[in-house]
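Number of protein chains: 2
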Amino acid sequence: MTTRTITIKDVADMAGVSPATASRVLSGNPATSPESRKRVIAAASQLDFHPNAQARALRSTRTNVIGLLMSDVRNPFFADLAHSAEQTALAEGFVTLLGNANENAVQQDRYLDTFISQRVDGVVAAPEGMGSSSLRALLAREIPTVFVDRTIDGIDVPSVTTDSDNGIRQAVEHLAQQGHTRVGYIAGPQATSTGRDRLRSYAKAAQDYGISTDPALIYFGDFQSRSGSDGAHHLLSLSQPPTALLAADSPMAVGALATLNRKGMRIGRDMGLIAFDDIEWFSLLDPPLTVISHDVEAMGRIAVELLLELINGGQPSSVVLPSELIIRASSGTADPVVART
Amino acid sequence: MTTRTITIKDVADMAGVSPATASRVLSGNPATSPESRKRVIAAASQLDFHPNAQARALRSTRTNVIGLLMSDVRNPFFADLAHSAEQTALAEGFVTLLGNANENAVQQDRYLDTFISQRVDGVVAAPEGMGSSSLRALLAREIPTVFVDRTIDGIDVPSVTTDSDNGIRQAVEHLAQQGHTRVGYIAGPQATSTGRDRLRSYAKAAQDYGISTDPALIYFGDFQSRSGSDGAHHLLSLSQPPTALLAADSPMAVGALATLNRKGMRIGRDMGLIAFDDIEWFSLLDPPLTVISHDVEAMGRIAVELLLELINGGQPSSVVLPSELIIRASSGTADPVVART
DNA sequence: CTGAAAGCGCTTACAG
DNA sequence: CTGAAAGCGCTTACAG
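If you read the sequences in order, they're chains A and B.
At position 160 of the first sequence the residue is numbered 160 (our numbering), and the sequence of numbers has no breaks.
At position 29 of the second sequence the residue is numbered 370 (our numbering), and the sequence of numbers has no breaks.
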């Protein structure tokens, strides 16, 4: 280090005050004289002083950093969620340490351990699994934590989630009305609450609306696009293939779409397709994709708002956001002749 | 804080050694006896000790954190870039502090100042503008910095960029071969190097291949999708509208696509469309989108590799990655009868 | 191989 | 309103 780094002592010296007074001015403590304030601020500006966040955090046990654990930043849903959370946090004076679990339990724990070591003021997490030791370590340290999108059974922290049930029910009803009786469901991983909830909702709605509950019609994916194309491939190879597909998230829907295209199937005519998650460009596909939509912007924003309440000693309640079906052309009837039985 | 936090002193006490020895064991210093190692590791594990990263950083002037400044995480190109950089960093033992400038100079500076205060070990940035005071402060402190995707004229740091020229040239040649003579170019912001470079390449290639250089055919967007739809709308309203559009990034291409769809234009027949950036699902559109492709995974990985070299005292050279045209159906001829003149 | 001691750069009771 | 002093939790020459 050739250029010695500027410390608060340099600022204090130049301003002709003690480090204590300089510290008070710079942290907005009102117990300062206008004269001191003027000189300290001038000195800090002239020296281009950037306070050492490590030293500040070490002493004050506040870092103004929140940890944001996302399961897969390349999934546009989580990219949007991260964006919404990050912008909300920034507006409130917090910077965001982003951990990308990459749908991988080991990486998730790696980042949670990092959050603990970095002494973040709080964590917003879209967790997977059943509560690893890293997650328990986080909670044992009473680090304020909010779950977003996903939860973990038996771990009682505030959360912001989507009520998938309504949207999925509408989707199944819609498919039934279109005359479908065999629907392929590409499920999310059962190690996630959303994977489990959406499958449960689907299974129940299928039964209620007279859609086949043949277990062969359920394919278990991992929320990533590759498993969507594998799933579509598998389902179409069944001896009694489905006439429509419902994918539990958008990357798997994209994967399924790629398979259908490769096979030369006409979406909405040869094969219906509905995706969970509304992504901007899904409406630009030809045909536009029918989706189950939920409000990702609100989800990210509210998660950070709950976290700030928690950090400030409050006891916020969990929030559940609605989901709803948006019907577009991809779910057109497979065979309009087949009436509901 | 009810539960007192565990420190290295607790670990040392339980292991029956000094904090110095505990520290040596935990940081892998070889000057330790097997006996000490065994007992310190056991104690740390039993107490679930997570070293305070602030304290460690304050003393050792290493944080093992790198700052990653992206211009817009919702842009899939940058989401992929962030993912690639983050995974590479993680494998090398660094965690990533993600700053999202949101294509906004003020937010960019906010994050750069944060990186300085957090004393990150290095920065990977996709910068915009001409070199703000925050950016200069970063460099004045000799914080290792690498530019990725974009650069700033007159600021000499290693970078990983794409040579847009070749891909754009191929795209223009292809459009000319298809008989197009009036092409609408939706440019990126001229405050970014990529916005400027791509426009320059386009203008030169248009001239070389006999495509109109009418300035009315250039629309200046901001790399976000809204400006793409505005741009398409504007260009189609010209008294002599273009027969094809070339968008300088993928969100603007998505925006243009939305406008074309709304107007009921058939892509690839009524209007050609080419996008800079290859996004997974662009090939799933109907018709699939012709794109100028470059290697985002390599870009993120190499950027972090260069940064690590820099952090370790090396003097890495900048890397320029190639771009190339991938022809799909969206750039089909506007009017196949028109021969090249 | 080990420990005592100093110090990284701040903030915060404490006393005035 | 201000300053001297202590201390946050580590690491690292230094001496042995």
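Using N, Cα and C, we set each Cβ at its ideal position, and we do this for glycine too.
- A contact is defined here as three or more CB-CB pairs under 8 Å, and the region 91-106 of chain A fails this definition with respect to the region 33-46 of chain A.
- Among the residues facing chain A, Arg610 (chain B) is not included, as its CB has no counterpart in that chain under 9 Å away.
- Using a CB distance cut-off of 9 Å, Leu90 (chain A) counts as an interface residue toward chain B.
- Contact note: Glu128 (chain A) does not reach chain B at a C-beta cutoff of 7 Å; the least C-beta distance is about 17 Å.
- Taking 9 Å as the CB threshold, Tyr185 (chain A) stays off the interface with chain B.
- Straight-line spacing of the CA atoms in His50 (chain A) and Ala517 (chain B) works out to 54 Å.
- Around the C-beta of Glu103 (chain A), 16 or more other C-beta atoms lie within 10 Å, and the residue is accordingly described as buried.
- Contacts with chain A (Cβ-Cβ distance below 8 Å) from the region 556-579 of chain B involve Ser566, listed in chain order.
- Within 10 angstroms of the beta-carbon of Met471 (chain B) lie fewer than 16 other beta-carbons, which makes it exposed.
- Membership of Leu138 (chain A) in the alpha helix (DSSP H) is indicated by the continuous run 133-140.
- The region 183-195 of chain A and the region 247-260 of chain A touch, with no fewer than 3 CB-CB distances between them shorter than 8 Å.
- For the 9 Å CB-CB criterion, Asp163 (chain A) and Ser331 (chain A) do not form a contact.
- Residues of chain B whose Cβ lies closer than 8 Å to the Cβ of Pro51 (chain A) are, in chain order, Ser458.
- Taking every protein chain shown into account, the CB of Gln548 (chain B) has fewer than 16 other CB atoms within 10 angstroms, so this residue is exposed.
- A direct Cα-Cα distance of roughly 14 Å separates Thr194 (chain A) from Met70 (chain A).
- Per DSSP, Glu665 (chain B) lies in no alpha helix (DSSP H); the unbroken beta strand (DSSP E) holding it starts and ends at 665-667.
- For Thr631 (chain B), no Cβ of chain A is located within less than 9 Å of the residue's own Cβ.
- Residue contact check for Thr486 (chain B) against chain A: no CB pair falls below 9 Å.
- Excluding five sequence positions before and after Ser201 (chain A), the CB atoms of its chain that fall closer than 7 Å to its own CB belong to Ser164, Asp165, Ile168, Arg169, given in chain order.
- Taking 9 Å as the cut-off, the Cβ atoms of Ser293 (chain A) and Ile326 (chain A) count as close.
- At a cut-off of 9 Å between beta-carbon atoms, Arg110 (chain A) makes contact with chain B.
- In the three-state scheme derived from DSSP, where H, G and I count as helix and E and B as strand, Ser591 (chain B) is classed as helix.
- Chain-order list of chain B residues neighbouring His83 (chain A): Val414, Arg415, Asn441, by C-beta distance under 7 Å.
- Counting of Cβ neighbours within 10 angstroms places Arg400 (chain B) among the exposed residues, the total staying below 16.
- Counting the other CB atoms within 10 Å of its CB gives Pro215 (chain A) a total below 16, which places it among the exposed residues.
- In this structure, DSSP gives Gly440 (chain B) an extended state, which the three-state scheme calls strand.
- At the C-beta level, Gln428 (chain B) and Gly440 (chain B) stay beyond 9 Å of one another.
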